[in-house]
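Chains as they are written, first to last, in this note's numbering: chain L, 34 to 147; chain A, 1310 to 1507.
Backbone N, C-alpha and C fix where the C-beta goes; we use that ideal spot for every residue, glycine too.
Working notes, beginning with the structure itself.
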Amino acid sequence: MNEDEFLDKARKQLDNKSDQLDAATLSRLNQARQAALAQLKPQQSRLKSRWIPVSGLAAAVLLTSVFLFKSEEIINASDPGVDEIEILAARDNLELYEQLDFYLWLIEEDSSAG
Amino acid sequence: MQHDWVIGKQPGKECTLDKSRELDQFLSKVERRAFKIAEIAVGNREEALDIVQDSMFGLVQKYANRPAEEWTPLFYRILQSRIRDWYRKNKVRSRWMSWLGLRKNDDGDEMEDALESLPDPHGRDPSQSVANEHSMEDLELAIRTLPGRQQQAFLLRTWEGLSVADTATAMKCSQGSVKTHYSRAVHTLREALEEHWT
């Protein structure tokens, strides 16, 4: 048996040994491989998972600040501002203000006729 | 949809999902041989599995972004490094056990350091192994009796099919050393096995 034949036989024997690994060992190798590959994470999801709690908290703080600021502004608003809100809230009054020119003209006509 | 992937400990270095699949295929291809190489080296299934897992982690962590053709020598370099670590750890353990008087052989003498003389953890020599085991087991047992560097050179060159240059990379030594270790390994194994194989 020359060296090449010897090495070829050795290679085949080693291949046979690795092909005959038991299921438990193969399973462990598979688990090891998956665990190693799990180190590779999608950038997007890593960023998302890291930033969701931070951005959520920041948004909550911002909304609370705006709400408190606006509440104070509304409470402290001057009368015309409150009047404007009442006008806007009352649909009939709104129509009256929309046609105010017409009513003023009617009043003028009545006065001049009288 | 294709995502961008990053390596956990190397921010900024990206590899694609295809890279992940490529790594999966590569590791699937080498894991059995790597396990057998580690098992032959340390003589223990559990330790061998740990060594292979550490090597897989090392490759993915450090070299996932390197070209795929570089993975084989790099992976075996990590594997051989883990095997050497295992021997160093055992050497320290042996020294302490010996110092504490807990590790003696049958004659009451201190046991020889496994790292230096290597590697059969069961204390067999090639002729004894060959005489006692079936042909299928002969080679593995004979390889276990080789000094560690010869064992590495033989398995990486003959079984894994690495070039002399890649084997030198994996073994962290010169190509000349690889040739010497390999030549001695083949010579020893042929002497031990050829008679039984013909």
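Give a yes or no on whether the C-beta atoms belonging to ARG1459 of chain A and ALA1494 of chain A are separated by under 7 Å. As written in the sequence, residue 1459 of chain A is Gln, which differs from the Arg given in the question. Yes. Within cutoff.
With 9 Å as the limit, tell me which residues of the segment 1331-1344 of chain A have their beta carbon closer than that to any beta carbon of chain L; keep them in chain order. LEU1332, ASP1333, LEU1336, SER1337, GLU1340, ARG1341, ARG1342, ALA1343, PHE1344
Is it buried or exposed, TYR1491 of chain A, if we count other Cβ atoms within 10 angstroms and call 16 or more buried? buried
Distance cutoff 7 Å, beta carbons only. Does SER51 of chain L sit that close to anything in chain A? yes
Can you pull the chain L residues whose beta carbon is under 9 Å from the beta carbon of LEU1358 of chain A, in chain order? THR58, ARG61, LEU62, ALA65
Along chain A, which residues have their Cβ under 9 Å away from the Cβ of ALA68 of chain L? GLN1362, MET1365, PHE1366
Note the first and the last residue of the continuous alpha helix (DSSP H) segment covering GLU1356 of chain A. 1354-1372
Would you say the beta carbon of GLU1340 of chain A is closer than 6 Å to some non-hydrogen atom of the ligand ATP? Among the components modelled here there is no ligand, and therefore nothing to report on the ligand ATP.
Quick check: ALA65 of chain L and MET1365 of chain A, are their CB atoms within less than 7 Å of each other? yes
Closer than 7 Å to chain L by CB, LEU1509 of chain A: Chain A is shown from 1310 up to 1507; residue 1509 of chain A falls before or after that span and cannot be answered.
Let me make sure I understand the geometry here. Which of L:LYS45, L:GLN53, L:ASP143, L:ALA71 has the alpha-carbon closest to that of TRP1468 of chain A? L:LYS45
So with CB distances below 7 Å, who are the chain L contacts of TRP1468 of chain A? ARG44, LEU47
From THR1478 of chain A to GLN1389 of chain A, what does the alpha carbon distance come to, in whole angstroms? 11 Å
Mind listing the chain L neighbours of GLU1503 of chain A? Cutoff is C-beta to C-beta under 9 Å, in chain order. MET34, PHE39
Contact set for ALA1377 of chain A: own chain, Cβ-Cβ below 6 Å, skip 5 residues either direction: GLU1331
Residues near ASP1359 of chain A by beta carbon distance below 8 Å, same chain, minus five either side: none
Answer yes or no: do ALA1350 of chain A and ILE1392 of chain A have a C-beta to C-beta separation smaller than 7 Å? yes
Report the neighbours of TRP1506 of chain A on chain L: residues whose CB is nearer than 8 Å to its CB, in chain order. MET34, PHE39, LYS42
By the criterion of Cβ-Cβ separation under 9 Å, what are the contact partners of LEU54 of chain L in chain A? ARG1341, PHE1344, LYS1345
Would you mind sorting GLY1457 of chain A into buried or exposed? The rule is 16 or more other CB atoms within 10 Å of its CB. buried
When DSSP labels each residue in this structure, what does LEU47 of chain L get in the three-state scheme? helix
In chain order, what residues of the same chain lie with their CB nearer than 8 Å to the CB of LYS42 of chain L, ignoring the 5 residues before and after it? MET34
Rounded to whole angstroms, what is the Cα-Cα separation between ALA56 of chain L and ALA1451 of chain A? 26 Å
Show which residues of chain L have a CB atom less than 8 Å away from the CB atom of ARG1354 of chain A. THR58
Exposed or buried, THR1396 of chain A, counting other C-beta atoms within 10 Å across all chains shown (16 or more means buried)? In the sequence as displayed, the identity of residue 1396 of chain A is Tyr instead of Thr. Answer is buried; the Cβ neighbour count reaches 16.
Could you name the residues of chain L that VAL1495 of chain A contacts, counting a contact when the two beta carbons are closer than 8 Å? GLU36, PHE39, LEU40
Hey, does ARG1499 of chain A have any beta-carbon neighbour from chain L nearer than 7 Å? yes
When burial is assigned at 16 or more other CB atoms within 10 Å of the CB, is TYR136 of chain L buried or exposed? exposed
Enclosing alpha helix (DSSP H) for ARG1466 of chain A [first to last residue]: No alpha helix (DSSP H) contains ARG1466 of chain A, which DSSP labels as neither H nor E.
If you measure from the beta carbon of SER1390 of chain A to each beta carbon in chain L, is any gap under 7 Å? no
For ASN1414 of chain A, does the three-state DSSP call read helix, strand or coil? In this prediction, ASN1414 of chain A has a pLDDT of 47, which is less than 50 and means its spatial position is unreliable; nothing more can be read from the coordinates.
Within the 7 Å Cβ cut-off, does SER1403 of chain A reach chain L? no
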